[in-house]
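> Position 17 (the sequence shown) corresponds to 17 in UniProt numbering; numbering is contiguous.
Beta carbons are placed, not taken as given, at the ideal position from N, Cα and C, and that holds for glycine.
In this text the structure is predicted, and so the values were computed from the model without any measurement.
Below is a structure I'd like to ask you about.
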Amino acid sequence: MRINVLQHTPNEGPGAILDWAQIHNHQVYIYHPYRFGYLPTAEKTDMLVILGGPMSPNDDLQWIKQERELIQGLLDRNVPMFGVCYGAQQITKTLGYAVTKSPAKEVGWAPVYRKSMVIPDLPDELLALHWHEEMFEIPYEAQLLFSSKAVKNQGFVLNHRVIGLQFHFEPQADNVREMVVNDFPYIKNSVLGQSATDILKKTVPIENKRVLFKMLDYITEKL
Numbered sequence: 001m002r003i004n005v006l007q008h009t010p011n012e013g014p015g016a017i018l019d020w021a022q023i024h025n026h027q028v029y030i031y032h033p034y035r036f037g038y039l040p041t042a043e044k045t046d047m048l049v050i051l052g053g054p055m056s057p058n059d060d061l062q063w064i065k066q067e068r069e070l071i072q073g074l075l076d077r078n079v080p081m082f083g084v085c086y087g088a089q090q091i092t093k094t095l096g097y098a099v100t101k102s103p104a105k106e107v108g109w110a111p112v113y114r115k116s117m118v119i120p121d122l123p124d125e126l127l128a129l130h131w132h133e134e135m136f137e138i139p140y141e142a143q144l145l146f147s148s149k150a151v152k153n154q155g156f157v158l159n160h161r162v163i164g165l166q167f168h169f170e171p172q173a174d175n176v177r178e179m180v181v182n183d184f185p186y187i188k189n190s191v192l193g194q195s196a197t198d199i200l201k202k203t204v205p206i207e208n209k210r211v212l213f214k215m216l217d218y219i220t221e222k223l
C-alpha cells in the first residue's frame, strides 16, 4: 500500500506512523506542499496522512485549497485518511464544517477521554500531546471519538475509513523534543500552564503508540 503523507512544518513529522507502515511493509511518500507546492494524485494514494502545522484551513492559500480538493477526491473513493491537528481540521473543512478558535489554547500534555465504542478496546483515558488553539466541528455523519476537559471536539471517526484527531499520538520522544526546541514560543498562554521544561520532562506514554496503531488498523481493515 502507498501511504502519502502531507507534512506542513519541518518539526511535525509522521513519528510512530512510520513504524506502523514499516511493520505492514507499506511504502511511505512524504510531501511538503507548504514548501514545494506538490501534492500526490488521488489515483496514486492508497492512504492519506495529513499532519499538523502552524497554518489554518481558513488561510487563503492556493495549496491549502488544493489539499482539500485531494481530500474530497479520496472521500469520494472511500480511501483511508488519518488527520492530525491541522490535518483533521482540513478534513472537516472539506466536508463543509467550520474551523474556529477553540475555547482554550492547549499546548502540552493533558488527558483525552474516549467518547465512542466504535473502535474496540480503546482506553477510557489517555495522556496526549496538545499543540493547538483552533478546533473543528464534528461532521454530522461522524462520531465524536475523544474529548478533553478544555475542548470537547478532540477526535472523530467517519465511515470506518477516516479518523481526525485534534491532538498528537504520533510523536515519540525525539519528535517531542524537536517540536519543543523549534516552536517553544507557541507554548505561551496555554491553558495547560506547562513550560517547555515541563513538556520535555514527561515520558511519552507507551500506550499512545499502541492506540495509534489500533486506529490505523481500523481505517485500513478489509482493503
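Is the region 53 to 68 close to the region 150 to 167, with three or more CB pairs under 8 Å?
The answer is no - the region 150 to 167 does not touch the region 53 to 68, with fewer than three Cβ pairs under 8 Å.
> Leaving out the 5 sequence neighbours to the left and right, which residues in its chain are closer than 8 Å to Val79 when beta-carbon positions are compared?
For the purposes of this step, residue 79 is taken as the residue at position 79 of the sequence shown. Taken in chain order, the residues that qualify are Ala42, Thr45, Asp46, Met47, Leu48, Arg161.
> Drop a sphere of 10 angstroms on the beta-carbon of Thr197, count the other beta-carbons inside from all chains shown, and report buried for 16 or more, exposed for fewer.
If you number the sequence shown from 1, residue 197 lands on position 197. So Thr197 ends up on the exposed side.
> Kindly provide the ranges of any alpha helix (DSSP H) runs that are 4 or more residues long and lie completely inside the UniProt domain "Glutamine amidotransferase" (42 to 174), ordered along the chain.
62 to 77, 86 to 94
> Within the same chain, show all residues whose beta-carbon is closer than 7 Å to that of Leu129, passing over the 5 residues directly before and after it, in chain order.
Locating residue 129 in the sequence shown gives position 129, where the first residue counts as 1. Same-chain partners within the cutoff: Trp109, Phe167, His168, Pro171, Val176.
> Is the distance from the Cβ of Pro40 to the Cβ of His8 below 9 Å?
Start at 1 with the first residue of the sequence shown, and residue 40 comes out as number 40. Start at 1 with the first residue of the sequence shown, and residue 8 comes out as number 8. No, the pair does not count as a contact, with Cβ atoms beyond the cut-off.
> Please state whether DSSP places Pro200 in a helix, a strand or coil.
By one-based count along the sequence shown, residue 200 stands at place 200. The amino acid occupying residue 200 in the given sequence is Leu; Pro does not appear at that position. The answer is helix: DSSP assigns Leu200 an H, G or I state.
> Considering just the uninterrupted stretch of the beta strand (DSSP E) at Ile219, what are its terminal residues?
Taking the sequence shown and counting its residues from 1, the one referred to as residue 219 is at position 219. It is not in any beta strand (DSSP E) - Ile219 instead sits in the alpha helix (DSSP H) that spans 206 to 219.
> Under a three-way DSSP split, which group does residue 310 fall into?
Any answer about residue 310 is impossible in this case: the structure gives the chain only from 1 up to 223.
> Look at the Cβ atom of Ile163, then the Cβ atom of Ile199, and state whether they are nearer than 9 Å.
As a first step, residue 163 is located in the sequence shown; it is residue number 163 there, counting from the start. As a first step, residue 199 is located in the sequence shown; it is residue number 199 there, counting from the start. No, these two residues do not count as a Cβ contact at 9 Å.
> Among Leu145, Leu165, Glu133, Asn159, which residue has its Cα nearest to the Cα of Leu192?
As a first step, residue 192 is located in the sequence shown; it is residue number 192 there, counting from the start. When only C-alpha atoms are compared, the closest one is Glu133.
> Using only alpha-carbon positions, find the residue among Pro10, Met55, Asp19, Glu12 that is nearest to Ile3.
By one-based count along the sequence shown, residue 3 stands at place 3. Checked all of Pro10, Met55, Asp19, Glu12; the closest Cα to Ile3 is Asp19.
> Expressed to the nearest angstrom, what Euclidean distance is found between the alpha-carbon atoms of Ala103 and Gly83?
As a working mapping, residue 103 is identified with position 103 in the sequence shown. As a working mapping, residue 83 is identified with position 83 in the sequence shown. In the sequence under discussion, the amino acid at residue 103 is Pro, which differs from the Ala named in the question. Straight-line Cα distance between these residues: approximately 21 Å.
> Helix, strand or coil for Asn25? Go by DSSP, reduced to three states.
Within the sequence shown, numbered from 1, the residue matching residue 25 stands at position 25. In this structure, DSSP gives Asn25 a state outside helix and strand, which the three-state scheme calls coil.
> Measuring CA to CA, which of Glu106, Glu12, Leu75 is closest to Ile187?
In the sequence shown, the residue the question calls residue 187 occupies position 187. Per the Cα distances, Glu106.
> Between which two residues does the beta strand (DSSP E) holding Ile187 run?
Mapped onto the sequence shown, residue 187 falls at position 187. Neither: Ile187 is in no beta strand (DSSP E) and is coded neither H nor E.
> Looking at the unbroken beta strand (DSSP E) that takes in Leu6, where does it start and where does it end?
As a working note, residue 6 is residue 6 in the sequence shown. That run of the beta strand (DSSP E) goes 2 to 6.
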